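**Student:** In order, the protein sequences belong to chains A and B. My numbering numbers the first residue of the first sequence as 151 and each following residue consecutively. My numbering numbers the first residue of the second sequence as 636 and each following residue consecutively.
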Amino acid sequence: MRLETRRLLDRSFAGTGVLAIVLMTAALVILLAPMFVRGFGAIVFTATVEQRRLMLEKFDRGNRVRVEAEIASARAAREPVYAMIAEFERGLENMGPDERRMYAKPLRELKKEIQTLLGPAPGTVQPMLMRDQYGQTRWDRARVKLSRVLYREEWDYSDPTRAGVKKLKPRAEDFAGTSLEALFPYFEHDLDKMLLPRRTFYWRFLTDESFDSHFFGGIWPEILGTFYLTIGAMLFAIPMGLIAAIYLTEYARDTRLVGILRTCISTLAGVPSIVFGLFGLAFFINTLNVSSSKSVLAGSMTLALMILPTVIRASEEAIRAVPSAYKEAALSLGSGRWHTVWTIILPAALPGVLTGVVISMGRAAGETAPIIFTAAVSVGKPLALWQAFSQPTPALSWNIYNLATEHEAVDEIRHVQFGLVLTLVGLVLLLNLTAIFLRARISKRLRG
Amino acid sequence: MAVKAEAIGDDRRAVPSLLLSHRARRRQRIAAGLGSGALFAVTSLSLFAVLFIFYFIARDALPFFKLEGVREFFASTRWYPSAEKPEFGALAMFVGSGLVTLGAIVVAVPLGISAAVCLSDVIPFSLRQWVKPVIEVLAAIPSVAYGFFALVVFAPLLQQRGGHLLAATVWIVGLPVAALGIVVLSDIATDRLDDKRRSAARWAIMAFLGAGALAGLVIAGKALGALHIASGTNALNVSIILGIMALPTVVSVSEDALQAVGRELREGSYALGATRAETIVKTVLPAASSGILAAIILGIMRAIGETMVVWMASGNAAQIPHPIVNFLEPVRTLTATIAGDMGEADQVTGSARYHVLFAMALCLLAFSFLCNFVSEWIIRRARKKVGG
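#1: Tell me which residues share the same chain as residue 738 of chain B and place their Cβ nearer than 8 Å to its Cβ, disregarding the 5 neighbours each side in the sequence.
#2: Taking any Cβ of chain A, which residues in the stretch 1006-1017 of chain B have a Cβ under 9 Å from it, in chain order?
#3: Check this for me: beta carbons of residue 507 of chain A and residue 461 of chain A, under 8 Å apart or not?
#4: On the CB-based measure, 16 or more other CB atoms within 10 Å of its CB, does residue 792 of chain B come out buried or exposed?
#5: Just the chain B side, please: which residues come within less than 7 Å of residue 455 of chain A by C-beta, in chain order?
#6: Does any CB atom of chain B fall closer than 8 Å to the CB of residue 157 of chain A?
#7: Ignore the nearest five residues each way along the sequence and tell me which others in residue 510 of chain A's own chain have a CB closer than 6 Å to its CB.
#8: Can you list, in chain order, the residues of its chain with a C-beta nearer than 7 Å to that of residue 354 of chain A? Leave out the 5 residues immediately preceding and following it.
#9: If you measure beta-carbon to beta-carbon, which residues of the stretch 777-802 of chain B are closer than 8 Å to chain A?
#10: What are the complete alpha helix (DSSP H) segments, minimum 4 residues, inside the stretch 883-968 of chain B?
#11: Who does residue 497 of chain A pair with in a DSSP beta bridge?
#12: Would you please state the rounded distance, in angstroms, between the beta carbons of residue 732 of chain B and residue 722 of chain B? I believe it to be under 8 Å.
#13: Which residues, in order along the stretch 957-989 of chain B, keep a beta-carbon less than 7 Å from a beta-carbon of chain A?
#14: Just confirm the distance between the C-beta atoms of residue 371 of chain A and residue 544 of chain A, as a whole number of angstroms; I'd bet it's less than 8 Å.
#15: Taking the alpha carbon of residue 663 of chain B as the reference point, which residue from A:487, A:533, A:400 and A:336 has its own alpha carbon closest?
#16: Could you tell me whether the Cβ of residue 603 of chain A comes closer than 8 Å to any Cβ of chain B?
#17: Could you tell me which whole alpha helix (DSSP H) segments of length 4 or greater appear in the stretch 343-410 of chain A?
#18: For residue 160 of chain A, which residues from the same chain have a beta carbon less than 6 Å from its beta carbon, with the 5 sequence-adjacent residues on both sides left out?
#19: What did DSSP end up calling residue 562 of chain A once you bin it into helix, strand or coil?
#20: What are the start and end residues of the alpha helix (DSSP H) that includes residue 603 of chain B?
#21: Among A:523, A:262 and A:585, which residue has its Cα nearest to the Cα of residue 443 of chain A?
#22: Give the DSSP bridge partners of residue 714 of chain B, in chain order.
#23: DSSP beta-bridge partners for residue 301 of chain A?
#24: Could you tell me the boundaries of the beta strand (DSSP E) in which residue 209 of chain A lies?
#25: Whose Cβ in chain A lies nearer than 9 Å to the Cβ of residue 753 of chain B?
#26: Given a cut-off of 8 Å on the beta-carbon distance, is the pair residue 807 of chain B and residue 887 of chain B in contact?
#27: For residue 528 of chain A and residue 557 of chain A, what's the separation of their Cα atoms in angstroms?
#28: With DSSP run on the structure shown, which of helix, strand or coil describes residue 195 of chain A?
#29: When the cut-off is 8 Å and only beta carbons count, does residue 420 of chain A lie next to chain B?
#30: By DSSP, does residue 452 of chain A sit in helix, in strand, or in coil?
#31: According to DSSP, is residue 417 of chain A helix, strand or coil?
#32: Take residue 1003 of chain B and list the residues in its own chain whose beta-carbon comes closer than 8 Å to its own, dropping the five residues that flank it on each side.
#33: Answer yes or no: does any C-beta atom of chain B fall closer than 8 Å to that of residue 450 of chain A?
#34: Taking any Cβ of chain B, which residues in the stretch 281-300 of chain A have a Cβ under 8 Å from it, in chain order?
#35: If you follow the alpha helix (DSSP H) that residue 866 of chain B is part of, which residue opens it and which one closes it?
#36: Taking Cβ positions only, does residue 149 of chain A come closer than 8 Å to chain B?
Right, here's the structure in full:
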């Protein structure tokens, strides 16, 4: 081969490696960007007057006088809508039966769409479900609902070889020539007067309970549940992991039994997380009966088992990284083995152990599969500490799955889903940044 | 040094005259023995954990084989657990798990090994400090967040623009590979010619091959661009996401393996006049091959054991794609079946429907145990080879 070709191959080889790293970084950015951008949308968004009414009525938050003035002004702006509908209905009574039948269905649909956009019309019965008691609380959702007021979806199945094609038909055409025709331009131009959108910083998203299965409110029960599960798992895993690491580094000789122990630890690390979930169900709940059904306690124990190998390995590494001169000095001063471990080695290894603990904490917080059968429920109140021993809890990870796939109105609560994802990812990233920071400090100290 | 410290630290060999009395000495020895025994007891909990996991999963799995038999489970694709006369053919799930794992490996292994080589041999140390956190963060993002991304962001994208995305990928990957291949091929083909004719012959071969490659790329790109993807939640989506998830494992383990190859080998190769690429491909990679194999096995384990992503974004259709490598069809994996069906099977503890999920878990467990065993064996053998 010619030298030039070899050089070209060499260059492109290096280029491939760099490209792989660039791709990896790009994947990370592409992954995180929507989570962050749309996740913040759950906290900082343009809220309508309905949101402020909700806050006032459910939490007694906000300036009562001002909000009530806003509600009054919004109601005044909505009045023409209801007046037009009432007038049209009066006119309908004078029409023939054929026309009445022709308008009945479009009118019913239109009124329903207006109700989802603005909330129940004044003078009607208060609906049972909270989601029907208020109009759209977010301006972005209100725009979507507006288009459903203005347009009707129609599916075109004329071509049997393809799936149906969606077409939007203006509702104004349904009511062409009637008094209701003027309603649609009014909606299009004056929706902001009816809903009074204003930018809000709803930080209480993190500390509010959810209402009506996450249609309104925040994610506090999930945050608390994840907190309990993680802390519970660490309470079991840290002592066990640390003791195992001390034994393996300081006491164990190179015997066959210790070799088997090491194999077991790496086997444990390789068990699929869903199998841990099944084991937790079969062992902790069905056999040991730590609780009669799912509970935070059972979930924590399962999670602890799952992160145990990580804790052991990280602690082992941290203990091994302690310079042997420390140990030798302690031993030469007449200190016993346990005394050396307790007073010299552990304090020196502490930052390293902490790094491993923090990383496994992130893993425990984010893991879903082990808690599906052992701890997680979809909807629940925030638990008090003593309830954690017997009660299941919502958790960030489980509710992301649940709200994104099993919720009755997946599209309506996208912002809640993204808010949950952002909270979970933010939490895990924070823990990992702490670990990276800790490690940087350790390496600096070792160098200096 | 360490051996010496151990000898001093061992209480039994301490000089007796330092102790006050025989009784105190005995007491101390018993206390030390008890302490070390307690530590051992706690450590052996992980042994019991593994045994218990095997026992409890197997205990609930075996009744299924007694109730329904082994053959249907492994050989049939008919999965109707809630029918009046239930059928439990899990072959489609085995194929689904295998398929997405294969896809994940196809994504993760080339990327991961290239990145590992780049990290260990190409980029300078200061830059490496910046790349490491990227890998760590990729590894730290919870699987449910990956699943959410796959379902909410990636699946609609794939459904609407999937064909174009695939075509773009083919161009981006194919063009440089083709260009490189053409240069090398033409070079090898004209190696024996004399100088006068070589240049012309090279250009002729390059033009010929280049035209062919371009035509191939255009045809492939057109075909892919016209592709209609019926659903974004399919095996391709899951494979890509699982590949990204397995990437950190593959990168960090194979980077360790590459680092473990000594400087001497590299310097020897450079001294013989090899370029960096030749050194890595012909010397370093073969020397690190066992570690890289272990990295691939760990990546496979990560992909096959993953639950949330496949549950959310694989489409969960219990069928074998037709043809079997059609990644654009929805599949269903073992893990997703366990996660999804337990909710309904939970109430009927003791039925075949409940036990079949444990049977699947047992298969997963056995597979991961086997993988783990093989990777440990590979690493141990490699260490022995290097040591001896």
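Even glycine gets a Cβ: it sits at the ideal position worked out from N, Cα and C. All figures in this text were calculated on a predicted structure; none of them were measured in a lab.
**Tutor:** Reading from the atomic positions:
#1: 870, 871, 873, 874, 875, 877, 878 and 962
#2: 1006, 1007, 1008, 1010 and 1011
#3: yes
#4: exposed
#5: 684
#6: yes
#7: 457, 460 and 461
#8: 368
#9: 777, 778, 779, 780, 781, 782, 783, 784, 786, 787 and 788
#10: 898-906, 911-914, 924-939 and 943-948
#11: DSSP output for residue 497 of chain A lists no bridge partner at all.
#12: No, residue 732 of chain B and residue 722 of chain B are not in contact; Cβ-Cβ is about 19 Å, not under 8 Å.
#13: 970, 973, 974 and 977
#14: 5 Å
#15: A:487
#16: This structure does not reach residue 603 of chain A, given that chain A is present from 151 up to 598, and the question cannot be answered.
#17: 370-396
#18: none
#19: coil
#20: Nothing can be reported for residue 603 of chain B: it is not among the residues displayed for chain B, which extend from 636 to 1023.
#21: A:523
#22: B:723
#23: A:320
#24: Premise fails: residue 209 of chain A is in no beta strand (DSSP E) and is neither H nor E.
#25: 164, 166, 167, 168, 169, 170 and 171
#26: no
#27: 9 Å
#28: strand
#29: yes
#30: helix
#31: helix
#32: 936, 939 and 940
#33: no
#34: none
#35: Careful: residue 866 of chain B lies outside any alpha helix (DSSP H) and carries neither H nor E.
#36: For chain A, the structure presents residues 151 to 598; residue 149 of chain A sits outside this window and is missing.
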